[in-house]
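Asker: Please find one structure pasted underneath; my questions will follow.
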């Protein structure tokens, strides 16, 4: 019985062990299958991502090729670009030219009035005091619009301080003081006519800077210059210059140099901060001379006859006209704006005739017509191009 029972139990035990082994193997197999399936799924995902990446790279390459081809076609097709410039782009150029000429004309007409005021105030306000109060009034007029922008641009202004000092000296402190001094001993008409020589210097500076002025602009400049010379000399080859005329010649040199300097204004120097900074620096430069003038010549009496002209030159002739002139040079260049400036003797002669009773004659009118013709011819010529183009 014992033997029989042992034989009966032993197979049952082996069968359970076998079943346990087979269960473990089955579980391993199932896990292996699951891991294999997971591996297959990961590989499939990797393949899909790789294909998407390759497709994206191919698309970017294709787009780059199309852009490069378009760029080469654009660079090679000069006539097509010229046609566009003559169409939509051309209208923008024409608009900029018209705006620049209009701003130059506005400044020229307004400044013509300042020559009349310089002559009118010559006997009542000393020249240096006239210049100093002009810029103080201009600073007060511009400050509400310029203070915040100037403060934000202080780092840029500090970086270009040397340029600002040069522009302030030539265009603010020196030019206007010389013109005011000239008004003591010469007529407003002569001041306007001699100042009209400054565009010649502007054109020379621009030519030295590498610009081609073109035949029409050069011819117009020479015609206008001839009209100015005939007007000053009254048709004679001998020039009879008063001391005031020499002061104006110095002013013309200063203004021509200032206008040429404007063309090299750093792009980061905004128009309003630049204008305000030059006004302040120019007034500071005049301060020592103003103190000497007060000590030696004494002050002037504020009356409607002195305050009104000072308000005109401070607000209109300084704040408005200088902003317009600086913007005009940025749009059309100093040489073309200078050609428009030739209209100044015409405007000054008309204003001095109407307001001061200065002489007007037919030869004078004929010279003005010559100047006007030169201005029209020179200002409508094509924009100067760099010599390297």
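In the numbering used here, the protein residues as written are 671 to 1059. For every residue, glycine included, the Cβ atom is placed at its ideal position computed from N, Cα and C.
What number of angstroms, rounded off, separates the C-alpha of residue 889 from the C-alpha of residue 1006?
Answerer: Residue 889 and residue 1006: Cα-Cα distance of roughly 12 Å.
Asker: Looking at residue 923 and residue 1033, is the spacing between their C-beta atoms short of 9 Å?
Answerer: Their beta carbons are not under 9 Å apart, which means residue 1033 does not touch residue 923 by this criterion.
Asker: Cutting at 6 Å between CB atoms, please list the residues of its own chain near residue 756, excluding the five before and the five after it.
Answerer: Residue confidence is low: residue 756 scores 38 on pLDDT, short of 50, so the model does not pin down where it sits. No coordinate-derived value is stated.
Asker: Check whether the segment 1010–1030 touches the segment 860–868, counting contact only when three or more Cβ pairs, one atom from each stretch, lie closer than 8 Å.
Answerer: Verdict: yes, contact present.
Asker: Under the three-state reduction of DSSP, which class applies to residue 935: helix, strand or coil?
Answerer: Coil at residue 935, not helix or strand.
Asker: Can you have a look at residue 831 and say buried or exposed, based on whether 16 or more other CB atoms are within 10 angstroms of its CB?
Answerer: Burial call: exposed.
Asker: Please state whether the Cβ-Cβ distance between residue 816 and residue 946 is less than 9 Å.
Answerer: Contact flag set, yes.
Asker: Who are the Cβ neighbours of residue 976 in its own chain at under 7 Å, not counting the five residues just before and after it?
Answerer: Taken in chain order, the residues that qualify are 791, 794, 795, 970.
Asker: Looking at the secondary structure, which residues open and close the alpha helix (DSSP H) in which residue 952 lies?
Answerer: Note, residue 952: alpha helix (DSSP H), 941–967.
Asker: Please classify residue 1013: does DSSP put it in a helix, a strand, or coil?
Answerer: Three-state DSSP puts residue 1013 in coil, outside helix and strand.
Asker: Is the CB-CB distance between residue 887 and residue 1010 below 9 Å?
Answerer: No, the Cβ-Cβ distance between residue 887 and residue 1010 is not below 9 Å.
Asker: Which residue's Cα is closest to the Cα of residue 779: 988, 1002, 1000, 885?
Answerer: Taking only the C-alpha atoms, the option nearest residue 779 is 988.
Asker: Would residue 766 and residue 897 be called neighbours here (beta carbons separated by less than 9 Å)?
Answerer: No, Cβ-Cβ distance for residue 766 and residue 897 is not below 9 Å.
Asker: Which residue marks the beginning of the alpha helix (DSSP H) containing residue 833, and which one marks its end?
Answerer: Element bounds for residue 833: 831–838.
Asker: Hey, how far is the Cα of residue 852 from the Cα of residue 892?
Answerer: Residue 852 and residue 892: Cα-Cα distance of roughly 26 Å.
Asker: Just to confirm, is the Cβ distance from residue 931 to residue 835 under 9 Å?
Answerer: No, these two residues do not count as a Cβ contact at 9 Å.
Asker: So what does DSSP say about residue 823, is it helix, strand or coil?
Answerer: Coil, per DSSP.
Asker: State the CB to CB distance for the pair residue 912 and residue 847, rounded to an integer number of angstroms; the pair is presumed to be in contact (CB under 8 Å).
Answerer: Not confirmed; about 18 Å, so no contact.
Asker: Are the beta-carbon atoms belonging to residue 788 and residue 843 less than 9 Å from one another?
Answerer: No, the pair does not count as a contact, with Cβ atoms beyond the cut-off.
Asker: Out of 955, 1015, 948, which has the shortest C-alpha to C-alpha gap to residue 812?
Answerer: Minimum Cα distance to residue 812 is reached at 948.
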